[in-house]
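Asker:
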Amino acid sequence: SPEASSGAGHEAAEAFARVEAARAGEPQDFEWVARRRDGSTFPAEVRLRRLEGPEAGGRVLAVVRDLTEEKRRQEELRAQERLAALGRLAAGVAHDFNNLLTPICLYPEMLRDLPGLPERARRALGVIEAQGKRAAKLVRQLLDFGRGSVLRREILDVGGFVTDAAEMLRHTLPDSVRLEMEVRAQDVRVEADPVQLQQVLVNLAVNARDAMPEGGTVTLAVDRVGPGSLPAEPGAPDEGEWCRITVADTGEGIPADVLPRIFEPFFTTRAPGEGTGLGLSQVHGLVAEHGGHITVESEPGRGTTFRVYLPCRGTEPEGQKKGETG
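Numbering-wise, this note's numbering comes out as the position in the sequence shown, counting from 1, plus 5.
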């Protein structure tokens, strides 16, 4: 290997002891923090074996395997498992909470029609009803994160779909935020639930807006990419063509220590009461439900770029129904 396998982060005495044990005929298999020639370190699997034969001269064969990619995949898999477990928990809580909300949402509407009801009581019932609807919206977000909703898929022309969504988003963004739309490939089609795909775009656009309190630019882009374009993920097939939807902003960016947590449910950097912390976790769940992947790149002060990858489908007419899937 061109990489130096000198230990880093371990006692030199331990390294010498393992080499001596291998020289004595005891095979050594262990993990180590190795050092490259440029001084950087990496996790490694080390195997030490004594060379046999009259000319071996007590030498030891060392095989060092770089575990960097394997460790990264293991960590991503653990993160996915944590998200899946949290999703199941969130869905269970949401179902129970939904049952509790039913009378809270219905009774105020019934009571407001009672004759002779004081105006003060009528206003109080209006507040209860409004908060009940707000809670119901949160329940829907929890169900979406827990993948408890039913997907109604159809073949969509993504360029046209995202262009239409961009027009809708322009009316919801403040004047200080400019929205640009780029369709870099024509006739890019996916099989997706249009309501859920629009929710993905809305959540990412809202996230971009919040990252630019002083204004800036949000760029939506659609293109097609081939095999080898996907991020390396555990068990992720990378065959065929993929639709890539990019949502980029020129905002504040995300600190490196925060970036690994942004898809966790209820995680938010906003002040208490200003966000549920479900927007990006909902996006992650919906993209995965469609057999897709999402990546994020960010640097403080230089903005954030989300890329959503969805498998391309054939060229059936737009809007052709594909049935309901769970």
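Glycine is no exception: its CB is placed at the ideal position from the N, C-alpha and C atoms.
1) What did DSSP end up calling residue 219 once you bin it into helix, strand or coil?
2) Evaluate the contact criterion for the region 255-262 versus the region 195-204: three or more CB pairs, one atom per stretch, below 8 Å.
3) So, helix, strand or coil for residue 25, using DSSP?
4) Just mark residue 73 as buried or exposed, buried being the case when its beta carbon has 16 or more other beta carbons within 10 Å.
5) Compute the Euclidean distance between the alpha carbons of residue 137 and residue 290, then round it to the nearest angstrom.
6) Helix, strand or coil: which one does DSSP assign to residue 268?
7) Does the contact criterion of 3 or more C-beta pairs under 8 Å hold for the region 157-171 versus the region 119-134?
8) Excluding sequence positions up to five away, which residues of its chain have a Cβ less than 7 Å from the Cβ of residue 321?
9) Suppose the cutoff is 6 Å on Cβ atoms and the five residues either side in sequence are ignored; what does the same chain contact list for residue 140 look like?
10) Is the region 168-179 close to the region 297-310, with three or more CB pairs under 8 Å?
11) Quick one: Cα of residue 244 to Cα of residue 57, how far?
12) Measuring only the C-alpha atoms, how far is residue 22 from residue 47?
13) At 4 residues or longer, what runs of the alpha helix (DSSP H) sit wholly inside the region 148-204?
14) Taking the beta strand (DSSP E) that residue 315 falls in, what are its first and last residues?
15) Can you tell me whether residue 135 is buried or exposed? The criterion is at least 16 other CB atoms within 10 Å of its CB, across all chains shown.
16) Would you kindly work out how many angstroms separate the C-alpha atoms of residue 223 and residue 250, rounded to a whole number?
17) Starting from residue 285, trace the alpha helix (DSSP H) in both directions and tell me its first and last residue.
18) Buried or exposed: which applies to residue 104, given that a residue is buried once 16 or more other Cβ atoms fall within 10 Å of its Cβ?
19) Is it buried or exposed for residue 34, if we count other Cβ within 10 angstroms and need 16 for buried?
20) Is the CB-CB distance between residue 197 and residue 157 below 7 Å?
21) What would DSSP say about residue 329, mapped onto helix, strand or coil?
22) So, is residue 315 buried or exposed, given that buried needs 16 or more other C-beta atoms within 10 angstroms?
23) Is residue 61 helix, strand or coil by DSSP?
24) Taking the straight line between their C-alpha atoms, what separation do you get for residue 226 and residue 122?
Answerer: This is what the structure holds:
1) coil
2) no
3) DSSP places residue 25 in helix when its eight states are reduced to three.
4) exposed
5) The straight-line gap from Cα to Cα measures roughly 25 Å.
6) The answer is coil: DSSP assigns residue 268 none of H, G, I, E or B.
7) no
8) Any reading at residue 321 is ruled out, since the residue's pLDDT is 46, under 50, leaving its predicted position unreliable.
9) 106
10) no
11) 46 Å
12) 21 Å
13) 163-175
14) 309-316
15) exposed
16) 13 Å
17) 284-294
18) exposed
19) Looking at its Cβ environment, which holds fewer than 16 other Cβ atoms inside 10 Å, residue 34 is exposed.
20) no
21) Low local confidence applies: a pLDDT of 42 at residue 329 is under 50, so the model's placement there is unreliable, and no value is given.
22) buried
23) coil
24) Between residue 226 and residue 122, the C-alpha separation is close to 54 Å.
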